[in-house]
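*Asks:*
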Amino acid sequence: MKNKALIFMLATALFYGCSDLEEENLSQLNRTDIEVLLENPSQDFLNTLISGLYSPLIPNFTERLVFNLQEASTDEVIVPTRSRADGGSDWFDGGRYIALHTHTWGPEEVTLTDVFNNLQQGIAGCLETIDILSSNTENEDVQNALAEAQGLLAFYSFYMFDLYAQVPYVDAETGQNTVLTGEDAIAEIERLLTSAIPLLGEKGASASGTKFNKAAGQSLLAKLNLNKAVYRDRYAASYNFSAADMDAVIAQTTEVINTGGYTLATDYFGLFDGDNDSNSASDEIIFAADLQAGVAGNRAFIAMTLSQGMYGADGGSFRGWNGFATTPDFVDSWDTTDPRYFEENIPQEPGTIAPEDYELNRGIIVGVQYGAVPVDQNDVPTEGGNFRKDEEGNIVIQELRNFLRDNDVINHTKEVGLQANQEQGARVFKYGYDTPGPGRWDTDINVPLIRLADAYLMRAEAKLRNGDAAGALEDVNTVRAARGSASLTTIDLDGLLAERGFEFYWEQQRRTDLIRFGKFNDAYTEKPVTEPFVRVYPIPRNALAASSVLTQNQGY
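The opening residue of the sequence shown carries number 3 in the numbering used here; numbering runs sequentially from there.
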């Protein structure tokens with residue numbers, strides 16, 4: 003099992019073109035071969051060995067897996083079953099999104115299974131790689147590679163623990179399968195990060211944010227400490243956030259803020275652009291999933307929300323799938339003058355725009371939509387056509403219709419339920435359209451997983467829970483100032499949760515935040531009050547059947 007996991011990781015590393023060793027068939031190496039190479043390892047070989055460990059990030063954190071569990075189960079996302087003019091419907095998908103929204107999922111839910119399997123693949127590959135690298139820890143390059151593998155193991159283990167409350171492991175001493183829960187899981191993730199952080203690379207060695215470096219390790223350790231109270235008593239009526247844990251959060255985030263070499267971006271949506279590995283906002287991104295437009299299936303959250311009548315580029319090469327929306331509750335929480343709420347790139351009125359200036363609007367999309375319409379040679383709207391233009395070659399901006407479905411005007415009302423028409427529901431277009439790869443929805447965007455803003459807001463929360471409201475307010479306003487948002491005059495826990503929503507909406511954090519703030523089980527649009535046991539997902543049925551050490555979580 004372990005060796006198969008490692009071979010899979012090596013094969014994936016080669017598939018993603020991560021090394022100069024592509025001409026060698028490393029995917030066929032067994033453990034003995036690898037240990038021989040480790041006696042005098044080249045940096046290329048170590049890079050290839052470690053690069054494969056990143057492969058589970060791509061399916062899990064870049065489209066509808068962890069996103070579904072962390073967002074579609076909260077007030078930030080609602081996915082209605084959308085009726086069509088022909089009597090059919092879109093987005094029912096076996097009821098998976100209704101179950102996520104209403105907290106009525108079960109162990110057979112496909113997303114739960116896919117996320118669990120991908121995280122387990124990451125854990126198994128990291129464990130095997132750490133075991134092999136430990137055979138030559140006198141080599142400095144091997145020590146650094148070992149630290150990176152430990153950091154990634156901590157990352158996958160953190161999410162497995164956060165979502166499922168159990169971490170399947172292989173005991174290093176006995177080689178036996180085991181499972182970590184409760185304090186044992188907390189201690190192991192903490193041990194891994196504490197061991198890895200001193201040897202992890204600095205920002206300069208990973209300017210694009212796609213390598214797990216020292217600041218990533220410090221940030222993850224801070225998040226573990228911030229959530230320890232939850233992890234120690236998942237079903238509690240309230241959580242006991244100890245001063246010692248909050249002090250640890252403050253110390254770890256301060257280290258990131260003061261010495262990490264990162265800066266808060268002044269262009270908020272630049273954090274989610276196709277060039278976010280090199281643009282002015284890139285200095286805020288600490289760790290990101292590395293999507294590559296040249297690889298089919300590398301998708302971010304760019305299509306699943308927009309209407310089919312909204313196109314990202316001339317020639318009809320990109321359009322929306324018209325599914326995901328956000329709830330009226332979340333829309334109503336905003337000050338709509340906050341720059342993070344909406345960025346207008348296309349004027350929302352009839353007119354024209356130069357082709358080089360055409361870019362879809364960003365943020366929360368509400369109301370009647372204007373944009374470009376692809377047409378055929380007879381000026382009839384058609385998928386795959388070129389944008390309608392005036393005599394000067396400028397793109398004509400006009401009121402949009404969903405011509406692929408009901409041909410109604412695209413008017414995204416704030417109101418939406420689990421049964422809706424094609425237009426209802428405010429949409430979220432946070433991750434920008436980028437030049438596609440083999441598939442027209444593939445993208446080169448790096449999906450941010452850890453940002454400097456989180457260090458500030460985690461520190462603010464820890465200060466607030468320790469009674470330092472003034473210090474918390476200063477950190478919150480530091481982030482707001484970078485975004486161009488008005489300063490707040492006071493802050494409390496409700497305000498801090500709201501601020502995390504404004505800053506991190508659709509970034510796969512909301513469920514964890516709502517649980518920590520005691521709001522996950524509350525009622526909101528189309529969701530009743532739910533029981534505490536749903537704060538932990540069930541172990542997938544097939545994983546439970548195949549394991550002698552996993553046990554089903556409470557309530558399932």
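Glycine included, C-beta positions come from ideal geometry on N, C-alpha and C.
(1) Quick one: residues in its chain with C-beta nearer than 6 Å to the C-beta of D92, no 5 flanking neighbours on either side, listed in chain order?
(2) In angstroms, rounded to a whole number, what distance separates the CA positions of A472 and H414?
(3) Quick check: L498 and A455, are their CB atoms within less than 8 Å of each other?
(4) Cα separation between D269 and A483?
(5) Please state the DSSP three-state secondary structure of K225.
(6) What are the boundary residues of the alpha helix (DSSP H) that I493 is part of?
(7) Where N278 and Y171 are concerned, what is the direct C-alpha to C-alpha distance, given to the nearest angstrom?
(8) Would K391 pass as an interface residue toward chain C - the criterion being a Cβ-Cβ separation below 8 Å?
(9) Taking C-beta to C-beta, are L223 and Q254 nearer than 8 Å?
(10) Excluding the 5 residues preceding and the 5 following P61 in the sequence, name in chain order all residues of the same chain whose CB lies nearer than 7 Å to its CB.
(11) Unbroken alpha helix (DSSP H) runs of length 4 or more, entirely within the region 74–107: which are they?
(12) Tell me, please, whether the region 345–362 touches the region 392–402 by the rule of three or more beta-carbon pairs shorter than 8 Å.
(13) Quick one: which unbroken alpha helix (DSSP H) runs of 4-plus residues sit fully inside the region 139–193? Chain order, please.
(14) Less than 8 Å between the CB atoms is what I'm expecting for R518 and V232, so what's the real figure, rounded?
(15) Nearest to S244 by alpha carbon, out of G124, Y435, T514 and N468?
(16) Rounded to whole angstroms, how far is the Cβ of T115 from the Cβ of N544, which I believe are closer than 8 Å?
(17) Less than 8 Å between the beta carbons of D446 and Q310, yes or no?
(18) Once DSSP output is grouped into helix, strand and coil, what is the label at D235?
(19) Report the CB separation of G434 from P341 in whole angstroms; it is logged as a contact under 8 Å.
(20) List the whole-angstrom C-beta distance separating E41 from N138, where the pair is believed to meet the contact cut-off of C-beta under 8 Å.
(21) Would you kindly report the start and end of the unbroken beta strand (DSSP E) that includes L546?
(22) Spatial neighbours of F431 within its chain, please: C-beta separation below 8 Å, excluding the five flanking residues on both sides.
(23) On the DSSP bridge list, what partners appear for V449?
(24) Can you grab the Cα-Cα spacing for the pair F506 / D477, in whole Å?
(25) Classify N120 as helix, strand or coil using the three-state DSSP reduction.
(26) Residues in its own chain within less than 7 Å of K205 by CB, not counting five upstream and five downstream?
(27) Which runs of the beta strand (DSSP E) at least 3 residues long sit entirely within the region 297–342? Give them in chain order.
(28) What does the Cβ neighbour count give for R429, buried or exposed, with the cut at 16 atoms within 10 Å?
(29) With which residues is T255 paired in a DSSP beta bridge?
(30) In the DSSP assignment, the alpha helix (DSSP H) including T354 goes from what residue to what residue?
(31) How many whole angstroms separate the CB atoms of P542 and P109, which I take to be in contact at a CB cut-off of 8 Å?
(32) Can you tell me which of the three DSSP states I412 falls into?
(33) Just checking my contact of R512 with E73 at CB under 8 Å: how many whole Å lie between their CB atoms?
(34) To test your reading of the DSSP string, which unbroken alpha helix (DSSP H) runs of 4 or more residues are found completely within the region 455–487?
(35) Excluding the 5 residues flanking P383 on each side, which residues of the same chain have their C-beta closer than 7 Å to its C-beta?
(36) Tell me the DSSP secondary structure of I397 in three-state form.
*Replies:* On the basis of the supplied data:
(1) R84
(2) 39 Å
(3) no
(4) 11 Å
(5) helix
(6) Taken as a continuous stretch (DSSP letters only), I493 belongs to no alpha helix (DSSP H), as it is neither H nor E.
(7) 35 Å
(8) No chain C appears in the structure shown, which is made up of a single protein chain.
(9) yes
(10) L67 and N120
(11) 98–104
(12) yes
(13) 142–166
(14) 5 Å
(15) N468
(16) 6 Å
(17) no
(18) coil
(19) The pair is not a contact, with the Cβ atoms about 15 Å apart (cut-off 8 Å).
(20) 7 Å
(21) Taken as a continuous stretch (DSSP letters only), L546 belongs to no beta strand (DSSP E), being part of the alpha helix (DSSP H) at R543 to A548.
(22) I304, T307, L308, L362, N363, R364, G365 and I367
(23) A291
(24) 16 Å
(25) helix
(26) N215, A217, G262, G263 and Y264
(27) none
(28) buried
(29) None; T255 has no bridge partner.
(30) From DSSP, T354 is part of no alpha helix (DSSP H) but of the beta strand (DSSP E) over G353 to I355.
(31) 6 Å
(32) coil
(33) 6 Å
(34) 471–485
(35) V375, P376, V377 and F405
(36) strand
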